[in-house]
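**Student:** For the sequence shown, position 1 (counting from the first letter as 1) is numbered 0 according to numbering that gives the first Met the number 0, and the numbering increases by one without interruption.
All residues carry an ideal CB built from backbone N, CA and C; glycine is no exception.
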Amino acid sequence: MKSIKIVIDPFCFKQFEAAAGSLFINFDKQAFADRINDFYLAVKDNGGLKDGYAPFCKHLFIENFTDAISAFVEITPENERFLKSAYEARRENELPVLNRFLDRAALESQLGVAIGKAKYLDIILYSKAQVQEENKATGFTDPNVDIDYDYGIVSVKPQDADFETPMQPITMMRNSLGKEQGGSGVELVREKYMDSVAFWSKYATLK
Numbered sequence: 000m001k002s003i004k005i006v007i008d009p010f011c012f013k014q015f016e017a018a019a020g021s022l023f024i025n026f027d028k029q030a031f032a033d034r035i036n037d038f039y040l041a042v043k044d045n046g047g048l049k050d051g052y053a054p055f056c057k058h059l060f061i062e063n064f065t066d067a068i069s070a071f072v073e074i075t076p077e078n079e080r081f082l083k084s085a086y087e088a089r090r091e092n093e094l095p096v097l098n099r100f101l102d103r104a105a106l107e108s109q110l111g112v113a114i115g116k117a118k119y120l121d122i123i124l125y126s127k128a129q130v131q132e133e134n135k136a137t138g139f140t141d142p143n144v145d146i147d148y149d150y151g152i153v154s155v156k157p158q159d160a161d162f163e164t165p166m167q168p169i170t171m172m173r174n175s176l177g178k179e180q181g182g183s184g185v186e187l188v189r190e191k192y193m194d195s196v197a198f199w200s201k202y203a204t205l206k
């Protein structure tokens, strides 16, 4: 019987719907989970599993086997006029926060910019224990709870780098809140926050 150690958490399901925009993964969810599970089993014992922002968070970096485009681009004098902002929550229990993004359709139609396929997928993982804790705090149920998995995929970030790019400042702030507000309860570290500000002052996500 195949060993299932990686599952897709329902929090990530929305990325497999076209409405996800630049984060859309046009791939069958189960086939995607199977491929990441096989990759995890192949690399987890030889350095392929990378540490994230907290002990329960890990990353896998895999060559992009989908047609997903890069999730963010550099801000330039030409495209900065297309920057937009909106208060957004990723699901009902979260506090909406102000996000900044570039209008992909405007970049393509008015500037003639072609957003290319990302070179890598950053697979963001949370441990099963963390998933259960957050579900308990927010009233959600883990459909994978009966599976003896190691990690659940909570997000997929298409990008051109095979290493972690800084979490957005507003996401770091939300994560520092309690789980009941949609955060993970991890204390904000000023140095990492300032690194994030430096990066995201130059880049913006696509939508």
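Is residue 10 helix, strand or coil by DSSP?
**Tutor:** helix
**Student:** Leaving out five residues before and five after residue 36 in sequence, what residues of the same chain have Cβ atoms less than 7 Å from its Cβ?
**Tutor:** 3, 4 and 5
**Student:** In the DSSP assignment, find the alpha helix (DSSP H) that holds residue 168 and state where it starts and stops.
**Tutor:** Its alpha helix (DSSP H) spans residues 168-174.
**Student:** Going by Cα to Cα distance, which pick from 193, 201, 116 and 203 is closest to residue 25?
**Tutor:** 116
**Student:** Could you give the DSSP three-state label for residue 149: helix, strand or coil?
**Tutor:** Coil, per DSSP.
**Student:** Residues in its own chain within less than 7 Å of residue 174 by CB, not counting five upstream and five downstream?
**Tutor:** Only residues of its own chain outside the window of five on either side were considered, and among them 182, 183 and 185 have a CB closer than 7 Å to the CB of residue 174, listed in chain order.
**Student:** Suppose the cutoff is 6 Å on Cβ atoms and the five residues either side in sequence are ignored; what does the same chain contact list for residue 163 look like?
**Tutor:** Taken in chain order, the residues that qualify are 58.
**Student:** Candidates 96, 68, 148 and 104: which alpha carbon is nearest residue 131's?
**Tutor:** 148
**Student:** Using three-state DSSP, classify residue 60 as helix, strand or coil.
**Tutor:** strand
**Student:** Among 178, 34 and 202, which has the Cα closest to the Cα of residue 168?
**Tutor:** The shortest CA-to-CA distance from residue 168 to any of 178, 34 and 202 is the one to 202.
**Student:** Note down, in chain order, each residue of its chain lying with its Cβ closer than 8 Å to the Cβ of residue 78, except the 5 sequence neighbours on either side.
**Tutor:** 72, 101, 106, 110 and 112
**Student:** Where does residue 32 sit, in a helix, a strand or coil, going by DSSP?
**Tutor:** DSSP places residue 32 in helix when its eight states are reduced to three.
**Student:** Residue 285 bridges to which residues according to DSSP?
**Tutor:** The structure shown has nothing for residue 285, since the chain only spans 0 to 206.
**Student:** For residue 125, which residues does DSSP report across the bridge?
**Tutor:** Partner(s): 56 and 151.
**Student:** Residue 91 by DSSP, collapsed to three states: which one?
**Tutor:** coil
**Student:** Taking the alpha-carbon of residue 90 as reference, which of 180, 60, 189 and 103 has the nearest alpha-carbon?
**Tutor:** 180
**Student:** Which residues in the same chain have their Cβ closer than 6 Å to the Cβ of residue 49, if we skip the five residues on either side of it in sequence?
**Tutor:** 58
**Student:** Rank 20, 188 and 153 by C-alpha distance to the C-alpha of residue 68 and give the top, closest one.
**Tutor:** 20
**Student:** Within a Cβ cutoff of 7 Å, which residues of the same chain sit near residue 17, ignoring the five residues on either side of it in sequence?
**Tutor:** 23
**Student:** Using three-state DSSP, classify residue 135 as helix, strand or coil.
**Tutor:** helix
**Student:** Just to confirm the assignment, what range does the beta strand (DSSP E) spanning residue 15 have?
**Tutor:** Element bounds for residue 15: n/a, residue is neither H nor E.
**Student:** Answer with buried or exposed for residue 84, where buried requires no fewer than 16 other C-beta atoms within 10 angstroms of its C-beta.
**Tutor:** exposed
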